[in-house]
Amino acid sequence: SQQGEEDPQALSIQEGENATMNCSYKTSINNLQWYRQNSGRGLVHLILIRSNEREKHSGRLRVTLDTSKKSSSLLITASRAADTASYFCATNQGGSEKLVFGKGTKLTVNP
Amino acid sequence: DTEVTQTPKHLVMGMTNKKSLKCEQHMGHRAMYWYKQKAKKPPELMFVYSYEKLSINESVPSRFSPECPNSSLLNLHLHALQPEDSALYLCASSQVLAGFQETQYFGPGTRLLVL
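These protein sequence lines map, in sequence, to chains A and B. Quick note on numbering: the first sequence equals residues 1 to 111 in our numbering. Quick note on numbering: the second sequence equals residues 112 to 226 in our numbering.
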């Protein structure tokens with residue numbers, strides 16, 4: 001079963017606006033990762049947040065993690081048309097090499 | 112070099128064919144992965160190799176046969192596939208640190224069509 005569930009499934013915004021995507025998971029985790037996938041291409045790692053971290057920044061990206069609610073959010077500020085892609089959260093189950101991906105959020109940024 | 116390469120980019124095969132997908136990385140990663148991704152779905156893990164040994168097989172049908180000849184190469188041998196096996200096949204690699212999952216680096220994928 002899918003560990004991560006993203007919300008919303010699809011998001012359409014205008015360039016310059018912020019985009020927020022949420023991810024919920026069910027079991028305890030060691031870390032949570034966010035990946036981006038442009039249409040039909042490989043995935044690109046965006047950010048990894050460990051279970052003992054609450055917030056992390058990377059450029060225009062801000063990720064939060066709330067282990068008590070088993071949820072994470074990805075905020076993209078000042079979005080650009082090039083941010084149009086699908087975004088997946090992924091979690092690993094403690095001590096496992098297995099990474100489980102959520103269903104993804106398809107983000108469209110309109111110029 | 113943070114690149115994972117995959118060949119071929121596209122593959123069309125009949126149900127009686129035998130073909131292989133290839134993946135290569137030179138980042139010194141000791142974990143390598145095969146994923147299958149159908150359209151508008153997330154990647155689904157198929158196999159994990161850790162230190163060149165198969166460590167996870169997600170109950171994948173035997174018509175898919177993985178091979179890890181050395182720490183830089185990963186192959187996926189295909190035989191007697193079904194049309195429903197048509198998908199994007201992604202390879203990834205990562206470091207292995209104390210058993211915890213680290214960042215995975217993905218190749219661009221092989222788009223497979225089974226006729």
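Glycine residues also receive a C-beta, built at the ideal position from the N, C-alpha and C atoms.
Neighbourhood of residue i by C-beta, 6 angstroms cutoff - its chain only, sequence neighbours within 5 removed
i	result
B:Leu-189	Lys-130
B:Thr-118	Lys-133
B:Tyr-162	Arg-141
A:Ala-10	Lys-106
A:Arg-36	Val-44, Leu-46, Ala-85, Tyr-87
B:His-121	Arg-222
Residue i - DSSP class collapsed to helix/strand/coil
i	result
B:Ala-203	strand
B:Glu-66	Lying outside 112 to 226, the shown extent of chain B, residue 66 of chain B is not represented and no answer is given.
A:Ile-65	Rather than Ile, the amino acid found at residue 65 of chain A in this sequence is Leu. Three-state DSSP puts A:Leu-65 in a strand.
A:Glu-15	coil
A:Lys-121	With chain A covering only 1 through 111, there is no way to say anything about residue 121 of chain A.
B:Leu-187	strand
A:Glu-6	strand
B:Val-171	coil
A:Asn-110	strand
A:Thr-27	coil
A:Asn-38	coil
B:Thr-214	coil
B:Pro-177	strand
B:Leu-226	coil
Neighbourhood of residue i by C-beta, 7 angstroms cutoff - its chain only, sequence neighbours within 5 removed
i	result
A:Ser-12	Thr-108, Asn-110
A:Ala-81	Glu-15, Val-109, Pro-111
B:Leu-192	Met-124, Met-126, Arg-174, Val-225
A:Leu-67	The displayed chain sequence assigns Thr, not Leu, to residue 67 of chain A. Answer for A:Thr-67: Ser-51, listed in chain order.
A:Ser-1	Bear in mind that a pLDDT of 32 at A:Ser-1, under 50, signals an unreliable position, so the number given afterwards is only what the model happens to contain. If we look at A:Ser-1 and ignore the five residues flanking it on each side, it has no Cβ neighbours.
For residue j and residue i, believed in contact at Cβ under 8 angstroms, the rounded distance
i	j	result
A:Phe-101	A:Ala-90	5 angstroms
B:Phe-175	B:Ile-167	Not really, about 13 angstroms apart at Cβ, beyond 8 angstroms.
B:Leu-199	B:Phe-217	With a Cβ gap of about 11 angstroms, B:Leu-199 and B:Phe-217 do not count as contacting.
A:Leu-61	A:Ile-76	6 angstroms
B:Pro-177	B:Leu-165	7 angstroms
B:Ser-182	B:Val-115	That belief does not hold up - the Cβ atoms of B:Ser-182 and B:Val-115 are roughly 13 angstroms apart, past 8 angstroms.
A:Gly-59	B:Pro-219	Rounded, the Cβ-Cβ distance is 23 angstroms, inconsistent with contact.
A:Ser-79	A:Asn-18	7 angstroms
Own chain partners of residue i with C-beta closer than 8 angstroms, once the 5 adjacent residues on each side are dropped
i	result
A:Leu-99	Gln-33, Ala-90, Thr-91, Asn-92
B:Tyr-160	Ala-142, Met-143, Tyr-144, Ser-166, Pro-177, Cys-179, Leu-185
A:Glu-6	Met-21, Asn-22, Cys-23, Tyr-87, Phe-88, Cys-89, Gly-102, Lys-103, Gly-104, Thr-105
A:Gly-40	none
Ignoring anything shorter than 3 residues or poking outside the stretch 113-167 of chain B, list the beta strand (DSSP E) runs there in chain order.
-> 115-118, 121-124, 129-136, 142-148, 155-161
Are there three or more Cβ pairs, one per stretch, closer than 8 angstroms when the stretch 9-26 of chain A is compared with the stretch 68-77 of chain A?
-> yes
Any beta strand (DSSP E) of 3 or more consecutive residues that is wholly inside the stretch 69-104 of chain A | Those beta strand (DSSP E) runs which fall completely within the stretch 69-104 of chain A and span 3+ residues are 71-76, 85-93, 99-101.
Evaluate contact between the stretch 45-57 of chain A and the stretch 144-158 of chain B, counting only Cβ atoms and requiring at least three cross-stretch pairs below 8 angstroms.
-> Counting Cβ pairs under 8 angstroms, fewer than three are found: no touch.
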